[in-house]
Structures are given as structure tokens and as C-alpha cells.
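Quick note on numbering: the numbering used here labels position 209 of the sequence shown as 435, and the sequence is numbered without any gaps. The C-beta atom is built at its ideal place from N, Cα and C for all residues, glycine as well. The model shown is predicted, which means the values in this text are computed figures rather than measured ones.
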Amino acid sequence: MPLAIPKSESRSFERIREHYLIERELAARLRAAGKDERRELYSKVYDELFRLVPDHPQLTAKVDRQTRDAEVSARLSLLRPYLHSQATYLELGPGDCSLAIAVARHARKVYAIDVSAEISAGVALPENVELAISDGRSVPVPGATVDVAYSDQLMEHLHPDDAAEQLANIYRALAPRGVYVCITPNRLSGPHDVSRYFEDVATGFHLKEYTVTELAQMFQATGFRKLKVLAGGGSFHVPVPGALVKTIERALTALPRRLGRMLASALPLRTVLGVKLVGIK
């Protein structure tokens with residue numbers, strides 16, 4: 227059952243519905259497109275979305291410096307156990323590169339990989355930060371050189387075939403014993419895109435949302451020799467048994483959809499089921 231639009235939403239129902247219809251149509255183009263066509267389509271559909279939906283939250287949301295610094299600090303706390311002064315760090319979907327710039331103070335080399343340079347245009351990057359452009363699948367960095375790879379709210383935006391190929395390319399980029407920290411919203415508490423107000427399954431630009439179990443299976447199929455599941459939020463995370471999370475997800479899946487989503491979205495399950503997976507090569 228779709229979620230109610232929160233009172234904090236400043237846009238009218240009509241504008242949200244218009245946003246949803248536009249995004250659903252553009253997402254359908256991505257889902258139906260062939261592999262070669264998708265190489266250029268990602269940038270085109272996002273550009274079209276922002277042109278047609280000028281009141282999109284990503285365009286209108288104002289984040290003050292203090293809030294942004296707090297977000298970067300929390301993410302850095304998650305990554306610090308894996309970083310060292312000689313580390314090579316890879317971030318996929320770096321946005322305005324705030325985190326990549328912060329990591330640059332704790333690593334030797336930083337690669338920031340995105341499908342477009344527009345969002346980071348004009349950002350002054352440190353000398354050890356290199357911005358590279360990808361087609362959504364490629365990871366244009368030297369193979370077997372990355373110690374720490376990271377993505378947050380990225381994988382769900384990729385076509386499932388592209389997500390699998392990108393994961394394989396991340397694996398190839400990692401050095402032996404390198405780690406990939408991957409964060410993505412859990413399908414059981416979703417949808418997490420604008421379609422959540424109209425559908426029970428994501429039909430917007432979240433082309434596929436995953437459970438911890440599903441993502442772990444992808445990592446294992448790619449070749450990662452060890453996995454860690456993290457629970458928590460902000461700057462506090464602890465490892466939890468993957469078998470426990472799998473059992474919880476299986477139980478929630480067996481419940482009526484509305485009840486399962488409500489439980490998955492509520493504390494304390496929300497902190498356990500947020501998909502934060504660390505794959506070790």
C-alpha cells in the first residue's frame with residue numbers, strides 16, 4: 227500500500243504526482259533500453275528529469291554547512307577503520323565531492339567516479355583527488371590498486387545488469403584484501419523513490435532496490451571472499467551476523483506487505499536492515 231505524503235512536503239499533491247509520472251516514464255526508458263543505449267541514457271534521463279521537474283527536492287533542498295559537515299563526519303567515521311595514509315580510495319557517485327575531499331586528508335590517492343561532472347563543477351579538488359567519468363558500469367582506475375571503495379545510495383539507481391557489471395569492475399579495481407563499503411536502501415522498507423506515494427514497488431529512478439540477503443548473494447557471486455553486515459546509523463556502526471539479518475528478512479517477506487514494510491521501517495529493525503555491506507576481496 228502506498229505511503230501517505232508527509233506534512234513536511236512543501237509541494238502540492240498535483241506537483242508530486244506530476245514528478246512521479248515523469249520519473250516513472252523516464253525510468254521505464256532506462257529499464258527497456260539495451261546495454262549500449264544505456265551508456266548515454268543515464269545522463270540524458272536525469273538531465274530531462276531536472277528540466278521537467280524544476281521543484282525536484284535535489285534542486286531545491288538547501289543543506290546548511292553545519293548539516294553537511296555532520297554528514298561528512300559520520301561517513302568518514304564509517305570509513306576510517308579501513309583507511310590509512312598510503313591508502314587508495316575510490317568513491318562512486320561522489321556528488322559534490324565533500325566526502326572525497328575529507329578522505330583525501332587520510333589517504334594517498336582518491337578517485338571520484340561519476341556519470342557526470344556537472345554536480346562537482348567549480349569544486350576545488352586537492353591534488354590527490356582525481357575525478358573520472360563513467361558510463362554507469364565502468365570503473366576507470368588502474369586494476370588491483372584500490373584499498374577502499376565506497377558508494378552510498380548509488381546501486382539502486384542502476385539497471386540490474388549494470389549494477390552486476392559495475393560490481394565486477396569494482397572487484398577488479400580492488401587490491402588484494404581491499405574492501406568495498408556499499409550502502410543502499412532496503413527493498414523491504416521501500417520503495418524509497420518518489421513512487422513510494424503511489425506504488426508498492428519502486429517504479430521511479432530506483433531501478434532495483436535490494437535486501438541485505440540479495441546484495442550479499444551478488445557480492446559472493448562476484449568473488450568477494452568475506453562479507454560483513456553493519457548495523458547502526460550516523461557515526462555508530464557495529465557488525466551483526468549475516469544469518470540473523472537473513473532470518474529477519476525472510477520473516478518480514480512472509481508477512482503481508484504493509485505490515486512487513488511498517489516493521490522494516492521502524493526502530494530497531496531499521497538500523498539492522500539498512501543495507502550496509504562490506505565486501506572484502
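D388 and R363 have their C-alpha atoms spaced approximately 6 Å apart.
Look at H383 here: in three-state DSSP terms it is helix. Put simply, the segment 377-396 does not touch the segment 452-472. Fewer than three CB pairs are less than 8 Å apart. Taking each of V420, Y423, T410 and G430 in turn and checking the Cα distance to V455, the smallest one comes out for T410. In this structure, S324 places its C-beta atom within 8 Å of the C-beta atom of V298.
Within the segment 449-505, the runs of beta strand (DSSP E) at least 3 residues long that lie entirely inside it are, in chain order, 452-459 and 462-466. D340 places its beta carbon 8 Å or farther from that of S311. The alpha helix (DSSP H) runs lying completely inside the segment 257-331 and spanning 4 residues or more are 261-278, 283-286, 291-305 and 324-329, given in chain order.
Taken through DSSP and simplified to helix, strand or coil, D388 comes out as helix. Here the alpha carbons of A447 and V374 stand approximately 20 Å from one another. For V349, the closest C-alpha among the options R334, G321, A254 and L384 is that of G321.
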